[in-house]
Amino acid sequence: MAKKKEHMNLAFIGHVDHGKSTLVGHLLLQAGAIAEQQLADGENKFRFVMDKLGEERERGVTIDLAHAKFDSPKYEFTIVDCPGHRDFVKNMITGASQADAAVLVVAIDDGVMPQTKEHIFLSRTLGINQIIIGVNKMDLVNYDEGKFNELKKEVGDLIKTVGYKPNDVHFIPLSAFEGDNISTNSDNTPWYKGPALVKALDEFTAPEKPTKLPLRVPIQDVYSITGVGTVPVGRIETGIMKKADNVIFEPAGVTGEVKSIEMHHEMLDSAEPGDNVGFNVRGVGKNDIRRGDVAGHPDSPPSVAKEFTAQIVVLQHPGVITIGYTPVFHCHTAQVACTFLELVNKMNPATGQVEEENPDFLKTGNAAIVKVKPTKPMVIEKIKDIPHMGRFAIRDMGQTVAAGMCIDLVPAK
Amino acid sequence: MGDVVATIKLMPESPEVDLENIKKNIEDSMPENAELHKIEEEPIAFGLVALNVIVVVGDAEGGTEAVEENLSKINDVGNVEVTDIRRLM
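Respectively, the protein sequence lines represent chains C and L. For the first sequence, the working numbering assigns the number 327 to the initial residue and increments by one for each residue that follows. For the second sequence, the working numbering assigns the number 19 to the initial residue and increments by one for each residue that follows.
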């Protein structure tokens, strides 16, 4: 039997008007994920499908389509078309669906927009290390190579500032509407020598499960179950948890022994990253630990930060952020108010260059390095040590005001 | 503007709660701007069953906030977490 294809979660990011949905639709259609029987005969099946989706299709079909998988020659992909509004950023950072790679869509007629910059920063914060740039709507500029190269240079400079290497990234001229360079190279862009989108997707590397990193299980909830005992529930982010392991919960500081692990009501001997588990611990009471605590092994326990240094981008703030500001940080399952102690510097998001040392304030659109102090003990990890545990969204007044990652920390003990 | 489909996971307060009753309350708790698509049961561990609530909201200000708030007020619901979001075509 053929080996099962490796699976990847692929995020589509970029400005909502730059044709992301059309591109996703066309990709699903050309890759066969939209079944022929869902189509009627017509000159342009794709436009037909999009019209149907827009007007008549039942909600259930569009929802199923949003969760559809498609196969490239090498991988099985699930596509996540990311929401455009900033109020969903919190969910993208703390939610479970981690993208393994991303396609950034930029329309040639609009170029780089503020939302494009934000999404590039966020994709880095979300730990997406592999990216393809889709330069869309090439039909609107008559497939002009010069215009393509101008935008390629601009986007290349931008992605360099957050650590992507433009020379290793495919920039693909596309027309999602006409279907150019999606599954095969288009005659409309004879000057383009790179791969079509589907071919480029196959050049991604499948992510390895982070089993070699230290164990980290952010606790979602804790139960006391009759006949079983204390059962914390959570998703294994990194490392492996085995039956009979000793585990420590931080910042609670209590330890216990894992007596049994269950997932989908089945007993497991060990659990690995991505598993949503409940585990019975002996030696820990229900009230000793709570949501937001993190389980790890005692020889490499979760880091409790007294203070930490973060790189943030301010997404939307009605006023300005100054020293003393204390919004709520959402990090894994924890929600902790943290006070801004120091605004170290402000960076130009377009170049990554420091624009100002010790600025007086930060406002919407600014990227900055800051020092913050949690108002109560909190587990967070340096992004370079355990990326899954180092990112956060900052919420205030019912809005996601900023997002960021922890780049350094002062341990509490 | 477009729509977003969100999967929101509800953890019960204990394995003994009446899931059917929670499901009914979920239907009644949808704010005006949200459309309930379906509710799926997900067995977790030691008898605990989570409910995955699949709702459609606008790709707009507030996001899933109002839905999350209403769901978290339902009796016997321990906590509420958005586990997946994606735009609809």
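For glycine and all other residues, C-beta sits at the position ideal for the given N, C-alpha and C.
Listed in chain order, the beta strand (DSSP E) elements of length 3 or more contained wholly in the segment 379-454 of chain C are 395-397, 401-407 and 427-433.
When DSSP states are grouped into helix, strand and coil, residue 66 of chain L belongs to the coil group. Rounded to whole angstroms, the Cβ separation of residue 71 of chain L and residue 92 of chain L is 10 Å, and the two are not in contact under 8 Å. Counting along the chain, residue 336 of chain C sits inside the beta strand (DSSP E) bounded by residues 332-340. Residue-level contact by beta carbon holds for residue 29 of chain L and chain C, with a gap shorter than 9 Å. In terms of beta-carbon proximity, residue 391 of chain C lines the interface with chain L, with at least one pair separated by less than 9 Å. Residue 28 of chain L is bridged by DSSP to L:69 and L:98. Here DSSP, grouped into helix, strand and coil, assigns residue 637 of chain C to strand.
The closest CA to that of residue 533 of chain C, considering only C:332, C:737 and C:735, is found on C:332.
The C-alpha of residue 603 of chain C lies about 16 Å from the C-alpha of residue 615 of chain C. Taking a C-beta distance under 9 Å as the contact criterion, residue 541 of chain C and residue 571 of chain C qualify as a contact pair.
Interface flag for residue 90 of chain L against chain C is unset, since no Cβ pair is found closer than 9 Å. Here residue 411 of chain C is buried. Its C-beta has 16 or more other C-beta atoms within 10 Å. Residue 26 of chain L and residue 472 of chain C have their C-alpha atoms some 46 Å from each other. Residue 623 of chain C is classed as buried because its beta carbon has at least 16 other beta carbons within 10 Å across all chains shown. In this structure, the beta-carbon distance from residue 355 of chain C to residue 431 of chain C does not fall below 9 Å. Contact between the segment 695-708 of chain C and the segment 632-647 of chain C is present: three or more C-beta pairs spanning the two stretches fall below 8 Å.
If you check the CB distance, residue 23 of chain L and residue 48 of chain L do not come in under 9 Å. Its chain contains 537, 596 and 598 as the residues whose beta carbon lies nearer than 6 Å to that of residue 566 of chain C, once the 5 sequence neighbours on both sides are disregarded; these appear in chain order. Those residues of the segment 599-619 of chain C placed with their C-beta closer than 9 Å to a C-beta in chain L are 602, 603, 604, 605, 606 and 617, ordered along the chain. Looking from the CA of residue 346 of chain C, the closest CA among C:723, C:612, C:657 and C:408 belongs to C:408. Under a criterion of Cβ atoms nearer than 8 Å, the residues of chain L adjacent to residue 551 of chain C are, in order, 32, 33, 64, 65 and 66. If you compare the alpha carbons of C:727, C:725 and C:715 with that of residue 735 of chain C, the shortest gap goes to C:715. C:605 is the residue among C:605, C:668 and C:387 whose C-alpha sits nearest the C-alpha of residue 550 of chain C.
Counting only runs of at least 3 residues, the segment 516-600 of chain C fully encloses the following beta strand (DSSP E) elements, listed from N- to C-terminal order: 543-551, 555-561, 572-576, 580-589 and 592-594. According to the DSSP assignment, residue 489 of chain C belongs to no alpha helix (DSSP H), since it is labelled neither H nor E.
Residue 709 of chain C has its alpha-carbon roughly 13 Å from the corresponding atom of residue 455 of chain C. Taken in chain order, the unbroken stretches of beta strand (DSSP E) that lie wholly in the segment 693-728 of chain C and span 3 residues or more are 693-700 and 717-722.
The residue from L:31, L:20 and L:79 with its alpha-carbon nearest to that of residue 98 of chain L is L:31. Collapsing the DSSP output to three states places residue 649 of chain C in coil.
Under the three-state reduction of DSSP output, residue 464 of chain C falls in the helix class.
The alpha carbon of residue 643 of chain C has as its nearest neighbour, out of C:679, C:682 and C:687, the alpha carbon of C:687. Against residue 78 of chain L, the close residues of chain C are 411, in the order they occur along the chain (beta-carbon pairs closer than 7 Å).
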